[in-house]
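> Residue numbers (the working numbering): 187 to 271.
Structure (structure tokens):
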């Protein structure tokens, strides 16, 4: 669902994945941090933060994302890293 054309469905998918809190949700949530639309990126960021130590598997990818060319991706990655490291 995070790949759907509809931003509303992508947002809802990020929220649902965050509610599940499963490690299987980590990769799609990290990928959603690249999203330009805050309505999608922010729920993904919050979901990863809520997962706390359970999201530690994402740390290597998040560290790489702090050098992304898009500032919103860099900022989202830094925000999550501050909370889960």
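Note that the Cβ used here is the ideal one computed from N, Cα and C, for glycine as well.
Alpha carbon to alpha carbon, how far is residue 263 from residue 255? Give it in angstroms, no decimals.
Going from the Cα of residue 255 to the Cα of residue 263 covers about 12 angstroms.
> Roughly how many angstroms separate the alpha carbons of residue 224 and residue 261, rounded to a whole number?
Going by the C-alpha atoms only, they are around 12 angstroms apart.
> Are the CB atoms of residue 251 and residue 219 within a distance shorter than 8 angstroms?
Yes, Cβ-Cβ distance for residue 219 and residue 251 is below 8 angstroms.
> Is the distance from the Cβ of residue 270 to the Cβ of residue 242 below 8 angstroms?
Going by C-beta atoms, residue 270 is nearer than 8 angstroms to residue 242.
> Based on Cα-Cα distance, which residue from 257, 202 and 246 lies nearest to residue 267?
It is 246 whose Cα lies nearest to the Cα of residue 267.
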